[in-house]
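Undergrad: Here it is, the structure, as structure tokens.
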Amino acid sequence: MDEIEVLGELGKGNYGSVQKVFHRPTGVTMAMKEIRLELDESKLNGIIMELDILHRAASPEIVEFYGAFTIESCVYYCMEFMDAGSLDKLTGQTSSDALAEGELLVPEPVLRRITAGIVRGLRFLKDELQIMHRDVKPTNVLMNRKGEVKLCDFGVSGQLEKSLAKTNIGCQSYMAPERIKGESQNQVSTYTVASDVWSVGLSIIELAKGCYPYPPETFANVFAQLTAIVNGAPPTLPEGYSDDANDFIAKCLQKDPNARPTYGELLKHPFLLADKDADVDMAGWVEHALERQAKRSIVPLAEVAS
Ligand code: ATP
Ligand code: MG
1 MDEIEVLGEL
11 GKGNYGSVQK
21 VFHRPTGVTM
31 AMKEIRLELD
41 ESKLNGIIME
51 LDILHRAASP
61 EIVEFYGAFT
71 IESCVYYCME
81 FMDAGSLDKL
91 TGQTSSDALA
101 EGELLVPEPV
111 LRRITAGIVR
121 GLRFLKDELQ
131 IMHRDVKPTN
141 VLMNRKGEVK
151 LCDFGVSGQL
161 EKSLAKTNIG
171 CQSYMAPERI
181 KGESQNQVST
191 YTVASDVWSV
201 GLSIIELAKG
211 CYPYPPETFA
221 NVFAQLTAIV
231 NGAPPTLPEG
241 YSDDANDFIA
251 KCLQKDPNAR
261 PTYGELLKHP
271 FLLADKDADV
281 DMAGWVEHAL
291 ERQAKRSIVP
301 LAEVAS
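The numbers in this note's numbering rise by one with no breaks, and the one at position 150 of the sequence shown is 150.
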């Protein structure tokens, strides 16, 4: 910790916070995640050992891992700093008057490239590391100003997963219907990699719309919202996208997990095939999205509270 200078907070999650830090010995700016756990030393060391697989997780679509350590009952996890932040913050809360007539929040070629990055990242995790992500959602898909897309927070450590006890489904669930059903019946492992495919579909819709596809304010309570995810018609992209894009999303959001395509099939879908050799100004779009974000006056929670 004495090698680290904290530069500011990047965000807070359910289990801790993420700081932007400067690592003096290497001169690298990093993101450092602090996870508070009430665990004994041997369990904490087990987590650090399990996290070590991350050194093998070298892929253009995975956030680079620099190392982890524990202090008292906290795990600190250092990773590549992504200077455009997570997808939720890039398009979230954009009002329609921030857009020109007929302009899409995320033009299709950009949406396509982001989707392709996510799917390739997930395929890498599955094929090379034999793990499923388990927590695909917009806050866990990061971008940088170069326009690169990378995944973070995947389920690499069984012990860490167990300790976080993600039993709290919450009011913004990206869990597939079969997972929600399983959790409600206390069957923790009734889901497979196809559940991550559902979460991809939902995350892409959120990115394109700028808001969570099952808006809490349209439901009487969380139970009604979860019932809609399990039994209701799946959400769709906003207007303005091609049939291929709509078909891709519909295939990801099928209720029957066995009917959802594999990553290999998704990469061969016409929606993603069109990404090959396409000339897309990703850096330009990120810049534009960050400018729009700066104009949004999101009042920090701390100020709301006071
Ligand atoms: P949850 O606690 O449910 O996983 P979360 O993903 O939002 O939710 P964290 O993983 O703690 O919570 O991350 C908090 C925020 O920090 C994220 O929403 C993201 O915007 C930001 N963040 C995380 N990692 C990085 C990173 N490597 N570079 C830049 N920003 C990051
Ligand atoms: Mg996260």
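Each residue gets a CB set at the ideal place from its N, CA and C atoms; glycine is no exception.
Keep in mind it's a predicted model, so treat the numbers as computed, not measured.
What is the DSSP secondary structure of F271, counted as helix, strand or coil?
TA: Three-state DSSP puts F271 in a helix.
Undergrad: Applying the 10 Å Cβ sphere with the 16-neighbour rule, what's the burial state of K137?
TA: K137 comes out buried.
Undergrad: Give the straight-line distance between the Cα atoms of A305 and K12, rounded to the nearest whole angstrom.
TA: Note that A305 scores 45 on pLDDT, short of 50, meaning its location in the model is unreliable; the coordinates nonetheless yield the value given after this. Their Cα atoms are separated by approximately 16 Å.
Undergrad: Following the continuous alpha helix (DSSP H) through T227, name the residue where it begins and the one where it ends.
TA: From DSSP, the alpha helix (DSSP H) with T227 extends over 222-231.
Undergrad: Taking the C-alpha atoms as reference points, what is the distance between D40 and G240?
TA: Taking the straight line from one Cα to the other gives about 53 Å.
Undergrad: Are the beta-carbon atoms of M30 and Y66 separated by less than 8 Å?
TA: Cβ atoms of M30 and Y66: closer than 8 Å.
Undergrad: Roughly how many angstroms separate the alpha carbons of E3 and E80, rounded to a whole number?
TA: Looking at the two C-alpha atoms, the distance is approximately 16 Å.
Undergrad: Apply the 10 Å Cβ neighbour rule to P234 and answer buried if 16 or more other Cβ atoms are within range, or exposed otherwise.
TA: Classification of P234: buried, given that the 10 Å Cβ count is 16 or more.
Undergrad: Taking 7 Å as the cut-off, is the beta-carbon of C252 closer than that to any non-hydrogen atom of ligand 2?
TA: The answer is no for C252.
Undergrad: What's the C-alpha gap between P107 and I131?
TA: So the two alpha carbons sit approximately 31 Å from each other.
Undergrad: Is the number of C-beta pairs between the region 46-62 and the region 82-102 that are closer than 8 Å three or more?
TA: The answer is no - the region 82-102 does not touch the region 46-62, with fewer than three Cβ pairs under 8 Å.
Undergrad: Just the Cα atoms here: how many angstroms apart are L151 and P25?
TA: One C-alpha to the other measures close to 26 Å.
Undergrad: Given a threshold of 16 other Cβ atoms within 10 Å of its Cβ, counted over all protein chains shown, does N140 qualify as buried or as exposed?
TA: N140 comes out buried.
Undergrad: Buried or exposed: L142, going by 16 or more other Cβ atoms within 10 Å of its Cβ?
TA: With 16 or more Cβ atoms within 10 Å of its Cβ, L142 is classed as buried.
Undergrad: Give me the Cα-Cα distance between L301 and A100, rounded to the nearest whole angstrom.
TA: The predicted position of L301 is uncertain, since its pLDDT is 47 and thus under 50; a value taken from the coordinates is nonetheless stated next. Cα-Cα distance, rounded: 29 Å.
Undergrad: Just the Cα atoms here: how many angstroms apart are G8 and Q19?
TA: Computed Cα separation, rounded: 6 Å.
Undergrad: Is D153 near ligand 2 - that is, is its Cβ less than 7 Å away from at least one heavy atom of it?
TA: Answer for D153: yes, Cβ within range of ligand 2.
Undergrad: Who pairs with L142 in a beta bridge, going by DSSP?
TA: DSSP output for L142 lists S86, K150 as bridge partner(s).
Undergrad: Among V280, E50, L273, which one has its Cα closest to the Cα of G158?
TA: Nearest of V280, E50, L273 to G158, Cα basis: E50.
Undergrad: Would you mind stating whether P261 and T192 have Cβ atoms separated by less than 8 Å?
TA: Against a cut-off of 8 Å, the Cβ pair of T192 and P261 comes out as no contact.
Undergrad: If you drop the 5 nearest sequence neighbours on each side, which residues of the same chain put their C-beta closer than 7 Å to that of Y263?
TA: These residues qualify, in order along the chain: V119, L122, R123, K126.
Undergrad: Quick check on DSSP: helix, strand or coil for L10?
TA: In the structure shown, L10 sits in a strand (DSSP, three-state: E or B).
Undergrad: Is the beta carbon of A116 less than 8 Å from the beta carbon of L272?
TA: Taking 8 Å as the Cβ cut-off, A116 and L272 qualify as a contacting pair.
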